[in-house]
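K.L.:
Would you mind keeping the following structure in view while I ask a few things?
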Amino acid sequence: MNILLIGSGGREHAIAASIAKSEQCDKLFIAPGNAGTTACGTNVNMKVDDFDTIGKFVIDNDIKMVVIGPEAPLVGGIADYFAEKEYLKNVAVIGPTAKGAQLEGSKDFAKMFMQRHNIPTAAYKTFTKETLKEGQKYLSTLKAPYVLKADGLAAGKGVLIIDNLKEAKQALKEMLADAKFGDASSRVVIEEYLSGIELSVFVLTDGKHYKILPSAKDYKRIGEGDTGLNTGGMGSVSPVSFADKAFMQKVEHNIVMPTIKGLQKEGITYKGFIFLGLMAVNGDDGTLNPYVIEYNVRMGDPETESVFPRIKSDVVDLFKGVWDGTLNLCTLDIDDRVAACVMLTAEGYPESYNKGDVISGVDEIKDSLVFHAGTKLNSTNKLVTNGGRVLCVTTLAESLPAALHKSLQSAESIKWKGRYYRHDIGQDLLKIGIN
Ligand code: AMP
Ligand code: GLY
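Each residue of the sequence shown is one higher than the one before, counting from -13 in our numbering.
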């Protein structure tokens, strides 16, 4: 079977590497891909939101399965586009319809969905420009810190956490009345602050059955000790030590099952990944309880780079099960080893950074996987930087310290001018024990 994967990041390189291993995959195309994905298949220069061009390419190349990496084409309705076209409707699209993608595309939709289906999440209210005054009053009833979320997609920047009430009221005004995040902040969700430890849990579903993939934790800030500006993610580890059997049972019963049932009940076609951004909050009984901070309708990046290498089963088999509605008949084998991923970034990221710097040392890496994100081959066929997050190294090992040690060693031996990485990925988990 010929397969097309949409996207160009480290997440897509990791997914491409797993797809390419499947005996069921004849040709793999990645659109647009990066320098790393050329080792797994053929890059095709198409925009992820150009559905007409993608549809034509699918027909011309006898593609039977399209796997969607990023959220934008899903929120934009790529699954619906395929379903509505007679000549594309039998192509397996791994990713939800636009309605399902609203779980990520609209925070307000996600909060209402959770409320309707009794899924644990922070208390909240939604406000618009017309109800700005009420919103400011609502803030006065809450305790600091204040959590303000732009309703729509805002490139990961739409969430503000503010300690001071006056500043929170001002920020609400800027979001609603001054369109701080454009259209995305025409509605703003204000929610209760949850104190705990964050983690990500990934679910693959055919809309009825589901498989829970390994948990992971990502490290969002640029600086060591999780300080400084937010980034797309500076590293990840999988599994998460505190997400033990008892905790994961709560995740399954309180969150995964009602989410899938809720989607079914509301007639939402959902064939793809659900990414649960969770906060583990200490309960009165001393055990940890999971709350949903956010839904995403795709895999995480860089969580995929530590989750996918642990999936031993044929992922194309799983994707076929997703499309056919027979995911219950598939097996999901997970590697027991721990994965640690360290992201290497360009100097200056997440603010302005240079592109085109020559990268060395990648070919010499042994015992770690290298996933490319912002890379390309220049006109003289040299590997150069082409983004803020440039590439990451993932190591599988028997313990978290061993995986981290090797990944840091590998990260150190990949070089370009100004290359940066965090040395403290996973250290918080080591401090709280286990692993
Ligand atoms: P989101 O885009 O909704 O995942 O929010 C971005 C980040 O803000 C999350 O990863 C959390 O670190 C933080 N956050 C969001 N909502 C809350 C909340 N209710 N309480 C505490 N932290 C939150
Ligand atoms: N690593 C967080 C995300 O992919 O949204």
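We put the CB at the ideal spot given by N, CA and C, even for glycine.
From a predicted model like this one, the values you see are computed outputs, not experimental measurements.
#1: What separation, rounded to the nearest whole angstrom, lies between the Cα atoms of K115 and R173?
#2: From this set, P387, S396, R405, W402, which residue's C-alpha is nearest K417's C-alpha?
#3: Using only Cβ atoms and a threshold of 6 Å, which residues come within that distance of a heavy atom of the ligand GLY? Order them by chain position.
#4: With 16 other CB atoms within 10 Å as the buried threshold, where does G412 fall?
#5: L426: buried (16+ other C-beta within 10 angstroms of its C-beta) or exposed?
#6: Answer yes if the region 74 to 90 comes into contact with the region 221 to 238, meaning at least three C-beta pairs across the two stretches below 8 Å, and no otherwise.
#7: Going by beta carbon distance, what residues of the same chain come within less than 8 Å of Q122, once the five residues before and after it are set aside?
#8: Run the CB neighbour count on R(-3), radius 10 Å, all protein chains shown included, and call it buried at 16 or more, exposed below.
#9: Looking at C-alpha atoms only, which residue of L415, R102, D94 is the closest neighbour of Y110?
#10: I need the residues with a C-beta less than 5 Å from some heavy atom of the ligand AMP; please give them in chain order.
#11: Of the residues P200, A69, G209, D36, which one's Cα is nearest the Cα of E238?
#12: Contact defined as beta carbons within less than 8 Å: I believe N364 pairs with V370. What is the distance between those atoms, to the nearest angstrom?
#13: Just how far apart, CA to CA, sit K143 and Y132?
#14: Confirm, please, whether the CB-CB distance from I5 to V293 is below 7 Å.
#15: Express the C-alpha separation of M329 and L249 in angstroms, rounding to a whole number.
#16: State whether the region 50 to 62 contacts the region 162 to 170, with contact taken as three or more CB pairs (one from each stretch) at a distance under 8 Å.
#17: In whole angstroms, what separates the C-alpha of G63 from that of G272?
#18: Please report the Cβ distance between T361 and N20, rounded to the nearest whole angstrom; I am assuming they are in contact, meaning their Cβ atoms lie under 8 Å.
#19: Going by DSSP, which residues form a beta bridge with P18?
#20: According to DSSP, is S299 helix, strand or coil?
P.N.:
Taking the geometry as given:
#1: On the sequence shown, residue 115 is found 129 positions in, with the first residue counted as 1. On the sequence shown, residue 173 is found 187 positions in, with the first residue counted as 1. Their Cα atoms are separated by approximately 7 Å.
#2: By 1-based counting over the sequence shown, the position of residue 417 is 431. The shortest Cα separation from K417 among P387, S396, R405, W402 belongs to P387.
#3: D204, G219, N282, G286, D287, E289
#4: The residue you call residue 412 lines up with position 426 of the sequence shown. Classification of G412: buried, given that the 10 Å Cβ count is 16 or more.
#5: This structure cannot settle anything about residue 426, because the visible part of the chain is limited to -13 through 421.
#6: no
#7: Sequence index remark: in the sequence shown, residue 122 carries index 136 (1-based). Only K155, L158, K159 meet the Cβ criterion.
#8: By one-based count along the sequence shown, residue -3 stands at place 11. R(-3) comes out buried.
#9: The residue you call residue 110 lines up with position 124 of the sequence shown. Closest option to Y110, Cα to Cα, is D94.
#10: A108, V133, V145, E177, Y179, L180, G263, I279, E280
#11: Mapped onto the sequence shown, residue 238 falls at position 252. Measuring from the Cα of E238, the nearest candidate turns out to be P200.
#12: As a working note, residue 364 is residue 378 in the sequence shown. As a working note, residue 370 is residue 384 in the sequence shown. Right, their Cβ atoms sit about 5 Å apart.
#13: Numbered from its first residue, the sequence shown carries residue 143 at position 157. Numbered from its first residue, the sequence shown carries residue 132 at position 146. Whole-angstrom Cα-Cα distance: 16 Å.
#14: Within the sequence shown, residue 293 is the residue found at index 307, counting from 1. Within the sequence shown, residue 5 is the residue found at index 19, counting from 1. Going by C-beta atoms, V293 is not nearer than 7 Å to I5.
#15: Counted from its first residue, the sequence shown places residue 249 at position 263. Counted from its first residue, the sequence shown places residue 329 at position 343. Those two C-alpha atoms are separated by around 34 Å.
#16: no
#17: Working through the sequence shown from its first residue, we reach residue 63 at position 77. Working through the sequence shown from its first residue, we reach residue 272 at position 286. Their backbone Cα atoms lie some 43 Å apart in a straight line.
#18: On the sequence shown, position 375 is the one that residue 361 refers to. On the sequence shown, position 34 is the one that residue 20 refers to. At roughly 5 Å, the Cβ-Cβ gap stays under 8 Å, so T361 and N20 are in contact.
#19: As a first step, residue 18 is located in the sequence shown; it is residue number 32 there, counting from the start. G(-7), per the DSSP bridge assignment.
#20: Reading the sequence shown from its first residue, position 313 is the one you call residue 299. Coil.
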